[in-house]
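*Asks:* Each residue of the sequence shown is one higher than the one before, counting from 4 in this note's numbering.
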Amino acid sequence: MRVIYLLVGFLAVFCCKGLDAQLRFYPVRDQMLTESLDGTWKIKMIAGQVIPDSLSNWLDLSYDTQNWQDILVPGNLETQGLKMPEYGADLSDYTGLYRRKFDYNPSWKGRHVILRLDGVNFSYTIYLNGHKVGDWGSSFNLCQFDITPYLNKGGKNLLCIQVSTRSLPTQPDNTWQFDTNDDWSLSGISRDVTLFTLDTVYLKDVTFTTDILENKDADVKVDVQVDRFKPTHTQNYQVEVSLVDPLNNHVIDFRKACTFNKDTIHFKAKLKTPSLWTAETPNLYRLEVNIIGPTGQVIQRTHQKVGIRSVRVDGYNLKVNNVPIKLHGVCLSEINPKNGRALKYKQRRQQLKMMKAAGINFIRTAHYPFSPDFYDLTDEMGFYICDEVPFGFGDHNLKDETYLPQLITRARATISRDKNHPAVIIWSIGNENPYTPIVEKVIQYVKQKDPSRPRGLPQRGSDYLRYQGRQSPNVDIYMPHYLDVTSLNKSLQKTDKPLILTEYAHSLGLAMDEFEQQYANILKQPRIIGGSIWCWTDQAMLISRPPNGLESVNRFNEKVNHPNLKQTQVMEGIQIDQHHYLDNNGNNGADGIVYGDGYPQEDYFLVRKIYAPVQIQADHLNFIPGQKSNFTIDVTNRFDFISLHGYQLKWQIVNLKKTIDQGKRWLDAPANHTQKVTIQGWLPEHLTAAQPLALHLMVLDPQGKQINEKNIVLKEADFTKQIRDIKANQDLQISISKTAVLEIQNKKQQLLKSPLLMRVGRKQTITLQAQTSKNKFNWQPYLLRPKVDHFKKIKTDSGQVYLLDCHWAIDNDSFNHRGFKGVVQILIGKNNVIELSYKAQPYKGATGSLLACGLTLLLEKQYQTFDYLGQGPFSTTVGKKPIMKMGFGL
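1. Where does Pro876 fall in DSSP's three states?
2. Please report the distance separating the alpha-carbon of Tyr602 from that of Pro876.
3. Could you check where the beta strand (DSSP E) with Pro461 kicks off and where it finishes?
4. How is Asp96 classed by DSSP in three states: helix, strand or coil?
5. Pull the bridge partners of Arg469 from the DSSP assignment, please.
6. Can you say whether Val301 is buried or exposed, counting buried as having 16 or more other CB atoms within 10 angstroms of its CB?
7. Which two residues bound the contiguous beta strand (DSSP E) that contains Gln683?
8. According to DSSP, what are the bridge partners of Ser431?
9. Please confirm if the segment 333-343 is in contact with the segment 217-234, defined as three or more CB-CB distances below 8 angstroms between the two stretches.
10. Would you mind giving the Cβ-Cβ distance between Thr98 and Gln52, rounded to the nearest angstrom? I have them listed as a contact below 8 angstroms.
11. Can you round the beta-carbon distance between Asp637 and Ile715 to whole angstroms, since I take them to be within the 8 angstroms contact cut?
12. Would you mind giving the Cβ-Cβ distance between Asp248 and Tyr288, rounded to the nearest angstrom? I have them listed as a contact below 8 angstroms.
13. Quick one: give me the first and last residue of the beta strand (DSSP E) that Leu290 is part of.
14. Looking only at its own chain, which residues have a Cβ that is under 6 angstroms from the Cβ of Tyr805, when we skip the five neighbours before and after it?
15. In the structure shown, what three-state DSSP assignment does Asn658 receive?
16. Would you be able to state if there are at least three C-beta pairs under 8 angstroms between the segment 625-643 and the segment 380-400?
17. Buried or exposed for Thr183, going by 16 or more other Cβ atoms inside 10 Å?
18. If Asn434 sits next to Glu391, beta carbons under 8 angstroms apart, how far is it from one beta carbon to the other, in whole angstroms?
19. Roughly how many angstroms separate the alpha carbons of Ala282 and Asn364, rounded to a whole number?
20. Roughly how many angstroms lie between the CA atoms of Arg304 and Tyr598, to the nearest whole one?
21. Going straight from the alpha carbon of Ile737 to that of Ile813, what length do you get?
22. Where does the unbroken alpha helix (DSSP H) through Ala360 begin, and where does it stop?
23. Would you report the Cα separation of Ile418 and Gly397, rounded to the nearest angstrom?
24. Please check the pair Lys824 and His810, which I expect to be a contact at CB under 8 angstroms, by giving their CB distance rounded to whole angstroms.
25. Under a three-way DSSP split, which group does His134 fall into?
26. Rounded to whole angstroms, what's the CA-CA distance from Ser142 to Val254? Just pull it up for me.
27. Go through the segment 13-88 residue by residue and report every complete run of the alpha helix (DSSP H) that reaches 4 residues or more, in order.
28. Tell me, to the nearest whole angstrom, how far the beta carbon of Ser193 is from that of Ala92; I am working on the premise that it is less than 8 angstroms.
29. Helix, strand or coil: how does DSSP classify Lys444 here?
30. Is the CB-CB distance between Leu201 and His134 below 9 angstroms?
31. Rounding to the nearest angstrom, what Cα-Cα distance links Pro529 and Met357 in this structure?
32. Which value, in whole angstroms, describes the spacing of the CA atoms of His583 and Leu690?
33. Determine, using beta carbons only, whether Leu206 and Leu80 come nearer to each other than 9 angstroms.
34. Comparing alpha-carbon positions, which option in Leu486, Gln542, Asn108 and Lys500 lies nearest Tyr522?
35. What is the rounded straight-line gap between the Cα of Thr298 and the Cα of Gln238?
36. Which residues in the same chain have their Cβ closer than 7 angstroms to the Cβ of Leu717, if we skip the five residues on either side of it in sequence?
Here's what the structure looks like:
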C-alpha cells in the first residue's frame with residue numbers, strides 16, 4: 004500500500020502542475036475589493052464546435068454584434084431561450100460565443116488583475132483583446148486567470164469566452180460526461196464572473212483547522228502560503244493573522260515574516276472554552292489574514308467567517324466536538340425552474356429556511372460543489388454538509404487512466420475552495436461510480452489533501468454489498484444507496500465502519516411510504532449515523548406554453564440552425580396556469596419533497612414530522628369527567644447539543660365548538676433525553692355521546708414558532724343519533740336511480756350527482772408505476788361503475804329505503820375476473836339525512852392488490868374547501884401515519 008500511496012502523490016503533483024496557474028491565488032471575495040462582470044453579455048450560438056468562417060473575426064473589438072442575442076450572466080442558455088433543455092447525458096453538441104466589454108480601471112496600474120469564473124458548464128476558453136488567456140473543463144469548480152499581460156491600459160477591453168457542451172481539446176473526449184447527472188444538463192456561464200487585483204506579493208492559500216479537546220478548549224492552527232509574481236523586492240514582508248470572536252474581541256493575534264521558498268507559515272494557539280460551531284449553535288469567528296509590506300502598509304487583506312469545531316469518526320460514531328451526532332438529511336441539487344443553476348441569494352436562503360423548519364440538519368450537495376454563497380449561508384444558519392467531488396455520469400471512463408488527472412484536478416479544486424467552511428464535515432467522492440483503481444487513487448488524494456475530515460464513496464446498494472469486505476481502506480464512512488431495511492441490517496453485522504445512507508427514501512412521485520420505517524431503523528442502529536432523502540426539490544424547468552405549443556422550439560430554431568431538432572407538442576409536468584408549467588422531464592425529475600418552485604408537497608410535511616428535533620410520545624390518555632385530570636406526556640429532545648431551555652409545550656383540550664381548557668409548560672430536557680411533562684386540565688362533567696374531546700399538543704421554539712404537534716383523542720364521538728335528530732331541510736330533493744346514481748339538488752342548483760362507484764385503488768405514485776406492470780398487480784381503472792342486478796324501494800316509518808344488488812367489474816376481457824358483488828342499503832330520512840351502508844366482496848378468483856377499497860362519490864366542481872372530522876388533512880396511506888392528525892372541523 005505504501006508504494007501505491009507514493010505513486011498517487013506523484014500523480015497528484017504531475018497532473019496538477021497546470022492547475023497551479025488557475026488555483027494559485029487565494030480567492031478574494033470582499034465586495035470592496037472586487038469588480039463584478041455579471042450582467043448583460045452578447046452571445047452567438049453555434050451547433051457543434053467548429054466556428055464558421057462568417058464568425059472568424061468574432062474576437063475583434065470592432066466586430067459588429069448588433070444581431071447577436073443578449074444573455075444574462077450568470078445564467079443558463081436553456082432558461083433564456085437560447086438552447087432547448089436536455090436531461091442527463093443526452094446533451095447535444097453546442098458552442099456559445101460570449102462577448103463583454105469593460106473599461107480599464109486606473110487603480111489597477113502596477114497591480115496584477117485576476118479574472119475568476121466560479122462555474123461554467125461545461126468547458127470554456129478565455130480570450131482578452133484577441134489573445135488566448137487560458138481554458139478550463141470542470142463545470143462546478145472555480146478557475147482564476149492572471150489577465151494582466153493582455154489588458155488594454157488605454158481604454159476598452161474585450162473579454163470573449165467560448166463555452167462548449169463538450170470537453171476541451173486537451174482533455175479526454177468524455178470528460179464533460181462527469182458533469183452530467185440524473186438532472187437537467189444546463190449549459191453556459193452559471194456562476195459569477197469577477198475581477199480582483201493583487202500586488203507583487205500575494206496570498207496563495209490559507210487553511211484554518213481546529214481540534215476540540217475534551218475540556219472544550221480548542222487547538223487552533225492557521226497555515227498560510229505566500230507567493231510572488233517577481234522574485235525581486237520581496238524582503239521584510241510579514242503575515243498578520245487575527246481571529247475575532249462574535250463580540251469583535253481579538254482572541255488571537257499573530258505576526259511572522261514571509262517566506263517565499265514554498266514553505267507554509269504555521270500559526271498555532273490554544274483557546275480557552277471558545278464558542279463552538281455546530282449545526283445547532285452556528286457560532287462564527289472572523290479570520291483576518293493580512294500581508295504587511297516593508298513600510299507597514301497593508302499589501303493584501305482578506306477575511307472569512309470560520310467556525311471552531313472538530314469532526315472525526317470514532318468507532319461507529321461520527322463526532323462533532325467529541326459528541327456523537329445523527330444526520331437528518333436531504334440531497335439537494337442546485338436548480339431553479341426560472342434561473343437554472345444561477346440561484347439568487349434570496350432563493351437559497353428561503354430554501355434553507357424551509358429545510359430548518361422541516362428539522363433537516365444535513366445536506367448532501369448532489370452531485371457537485373455549489374456556488375460559494377451556499378456555504379456562507381450554511382455556515383451561518385447551521386447545517387452539516389457532505390461536499391461532493393464532481394464526477395457523476397461517465398462510469399465507463401473510470402477504467403481509463405487518462406481520466407485520472409481530470410478527477411484529481413476536480414478533487415483539488417473542490418477541497419481548496421471549501422476547506423475552511425465549518426459546515427463542510429464530509430467529502431464524498433463522485434456518485435454511484437464503480438470502485439476501480441482510478442477511484443481508489445482519487446480517494447487517496449482526498450485523504451492526503453485534507454486528513455481533517457472523513458470521506459466516503461457513495462455507492463449503489465448492489466455495489467456496496469458486492470464490495471463489502473473489500474472496500475477502500477481510505478474511506479472513513481460507507482455510503483450505500485437504497486437498501487431495504489432487511490438487507491441493510493444484515494450488512495451491518497459485517498461492517499467495520501459507520502454508514503451514511505447518502506440516498507434513501509426516494510421521493511419519486513410522493514412515494515415515501517418506507518421513510519418512516521427506514522428512519523426509525525437509522526435511529527435504532529448505532530452503526531448508521533444518518534441519511535439524506537432523495538431529494539429536496541423536483542428537477543424542474545419553467546416552460547411557457549403558447550397556444551400552438553411550439554413557440555419555444557421555433558424561437559430556438561431562429562437563433563441556432565439545427566436541422567436535426569425535433570419539434571414536439573407533448574407537454575408533461577406541473578401546470579402553473581394555462582400558459583406555464585414545470586417540466587420534470589416526464590417522471591425523471593419528479594423526485595422532490597417540494598415542487599421545483601419550492602412549494603411544499605405532501606412529503607415535505609411527512610419529513611417535517613419525522614425529522615422534528617422535539618418529539619411528543621403519547622398516544623392514549625385517561626381522564627375523569629368533571630374535574631382536573633393529570634396527563635403525563637413524554638417529550639424527547641433529539642438535539643445533539645442544546646437543551647430545550649426556552650422551548651414550550653402548548654396544550655389545548657377541545658371539542659367541536661370550543662377550547663375547553665389550555666395552557667403552556669416550559670421544557671428543559673437535555674440533549675438526547677426525554678422529559679416527562681404533567682398537564683393538569685379540566686374536562687366537562689356531562690359529555691354527550693356525540694361530543695368528541697381531544698388534547699392538542701404543540702411544541703414551540705424560543706421564537707414561538709410551532710415545530711411539531713400531536714393531537715390525541717380523549718373521547719371519540721358517536722354522531723349517529725345527533726345526525727338523525729337534525730331538523731329537516733325541506734328544500735332538498737334526493738333521489739336514487741335504478742342505475743345506482745345518487746342525486747341531490749335544491750331550488751338553485753345541483754349539489755351532487757354521482758354513481759355509487761367502487762374504489763379499488765388510487766392514482767399510482769410514479770414509483771408504483773415503475774415497480775409494477777400497469778395492470779398486473781394494481782387494479783386499473785381504480786374507480787368502477789356500478790351495474791344494478793336488482794333494485795327495490797321500501798317505504799318505512801323512518802323514510803324511504805333503497806336496496807340495490809350491484810356488481811362492479813373491470814370492463815376488460817383480460818381482467819374481467821376482477822370485480823366486486825354486494826348489496827347497498829340507502830335510507831333517506833324524513834329530515835333528508837342520508838344513511839348509507841353496504842356489504843361487498845371480490846369475485847371468486849380475483850387477482851391483484853387493492854391500494855384502497857370502498858364506495859366513493861364524485862363531488863361537484865364547486866366544492867373546493869372541506870372540513871374534516873378524523874385523520875387528515877393529507878391522504879391516508881400506509882407508511883405515512885405520522886403526518887396525520889385528528890382534526891375537529893379544521
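The beta carbon of each residue, even a glycine, is placed where N, CA and C say it ideally should be.
Since we're looking at a predicted model, the values are computed, not measured.
*Replies:* Reading from the atomic positions:
1. Working through the sequence shown from its first residue, we reach residue 876 at position 873. In this structure, Pro876 counts as coil in the three-state DSSP scheme.
2. In the sequence shown, the residue the question calls residue 602 occupies position 599. In the sequence shown, the residue the question calls residue 876 occupies position 873. Straight-line Cα distance between these residues: approximately 17 angstroms.
3. For this step, residue 461 is matched to residue 458 along the sequence shown. Taken as a continuous stretch (DSSP letters only), the beta strand (DSSP E) holding Pro461 covers Arg458 to Arg463.
4. Indexing the sequence shown from 1 puts residue 96 at position 93. It is coil, neither helix nor strand.
5. The residue you call residue 469 lines up with position 466 of the sequence shown. None; Arg469 has no bridge partner.
6. One-based indexing of the sequence shown puts residue 301 at position 298. By the neighbour-count rule (16 or more Cβ atoms within 10 Å), Val301 is not buried but exposed.
7. Counting from 1 along the sequence shown, the entry for residue 683 is found at position 680. Taken as a continuous stretch (DSSP letters only), the beta strand (DSSP E) holding Gln683 covers Thr677 to Trp685.
8. On the sequence shown, position 428 is the one that residue 431 refers to. In DSSP, Ser431 forms a bridge with Glu391 and Gly459.
9. no
10. In the sequence shown, residue 98 corresponds to position 95, counting from 1. In the sequence shown, residue 52 corresponds to position 49, counting from 1. Contact holds; Cβ gap of about 5 angstroms.
11. Within the sequence shown, numbered from 1, the residue matching residue 637 stands at position 634. Within the sequence shown, numbered from 1, the residue matching residue 715 stands at position 712. Actually they do not touch by this definition, with Cβ atoms about 12 angstroms apart.
12. Your numbering for residue 248 matches position 245 in the sequence shown. Your numbering for residue 288 matches position 285 in the sequence shown. Contact between Asp248 and Tyr288 holds, with the beta-carbon distance rounding to 6 angstroms and staying under 8 angstroms.
13. The residue given as residue 290 occupies position 287 in the sequence shown. Here the beta strand (DSSP E) through Leu290 covers Tyr288 to Ile295.
14. In the sequence shown, residue 805 corresponds to position 802, counting from 1. Cβ within range, chain order: Ile739, Lys796 and Ile829.
15. Stepping through the sequence shown from its first residue, residue 658 is reached at position 655. Coil.
16. Not touching, per the Cβ criterion.
17. As a position in the sequence shown, residue 183 is number 180, starting the count at 1. Classification for Thr183: buried.
18. Position 431 of the sequence shown holds residue 434. Position 388 of the sequence shown holds residue 391. Taking 8 angstroms as the upper bound for CB-CB distance, Asn434 and Glu391 are in contact here, some 7 angstroms apart.
19. Mapped onto the sequence shown, residue 282 falls at position 279. Mapped onto the sequence shown, residue 364 falls at position 361. Roughly 7 angstroms between the two C-alpha positions.
20. In the sequence shown, the residue the question calls residue 304 occupies position 301. In the sequence shown, the residue the question calls residue 598 occupies position 595. Going from the Cα of Arg304 to the Cα of Tyr598 covers about 42 angstroms.
21. As a working mapping, residue 737 is identified with position 734 in the sequence shown. As a working mapping, residue 813 is identified with position 810 in the sequence shown. A straight line joining the alpha-carbon of Ile737 with that of Ile813 spans about 29 angstroms.
22. Locating residue 360 in the sequence shown gives position 357, counting from the first residue. Where Ala360 is concerned, the enclosing alpha helix (DSSP H) stretches over Tyr348 to Ala360.
23. Walking along the sequence shown from the start, residue 418 turns up at place 415. Walking along the sequence shown from the start, residue 397 turns up at place 394. Going from the Cα of Ile418 to the Cα of Gly397 covers about 22 angstroms.
24. Here residue 824 is taken as the residue at index 821 of the sequence shown, counted from 1. Here residue 810 is taken as the residue at index 807 of the sequence shown, counted from 1. With a Cβ gap of about 5 angstroms, Lys824 and His810 count as contacting.
25. As a working mapping, residue 134 is identified with position 131 in the sequence shown. Here His134 sits in strand by DSSP.
26. Looking up residue 142 in the sequence shown gives position 139. Looking up residue 254 in the sequence shown gives position 251. Between Ser142 and Val254, the C-alpha separation is close to 39 angstroms.
27. 23-26
28. Along the sequence shown, one-based indexing puts residue 193 at 190. Along the sequence shown, one-based indexing puts residue 92 at 89. Ser193 to Ala92, Cβ: 18 angstroms. No contact.
29. By 1-based counting over the sequence shown, the position of residue 444 is 441. DSSP places Lys444 in helix when its eight states are reduced to three.
30. For the purposes of this step, residue 201 is taken as residue 198 along the sequence shown, with counting starting at 1. For the purposes of this step, residue 134 is taken as residue 131 along the sequence shown, with counting starting at 1. No. Outside cutoff.
31. For the purposes of this step, residue 529 is taken as residue 526 along the sequence shown, with counting starting at 1. For the purposes of this step, residue 357 is taken as residue 354 along the sequence shown, with counting starting at 1. Each residue's Cα considered, the two are about 28 angstroms apart.
32. Residue numbering aside, residue 583 sits at position 580 when the sequence shown is read from its first letter. Residue numbering aside, residue 690 sits at position 687 when the sequence shown is read from its first letter. Computed Cα separation, rounded: 53 angstroms.
33. On the sequence shown, residue 206 is found 203 positions in, with the first residue counted as 1. On the sequence shown, residue 80 is found 77 positions in, with the first residue counted as 1. Contact flag unset, no.
34. Taking the first residue of the sequence shown as position 1, residue 522 is located at position 519. The shortest C-alpha separation from Tyr522 is found at Leu486.
35. Residue mapping note: residue 298 aligns to position 295 of the sequence shown, counting from 1. Residue mapping note: residue 238 aligns to position 235 of the sequence shown, counting from 1. Near 11 angstroms, if we compare the C-alpha coordinates of Gln238 and Thr298.
36. Residue numbering aside, residue 717 sits at position 714 when the sequence shown is read from its first letter. Leu624, Phe626, Leu696, Ala697 and Leu698, listed in sequence order.
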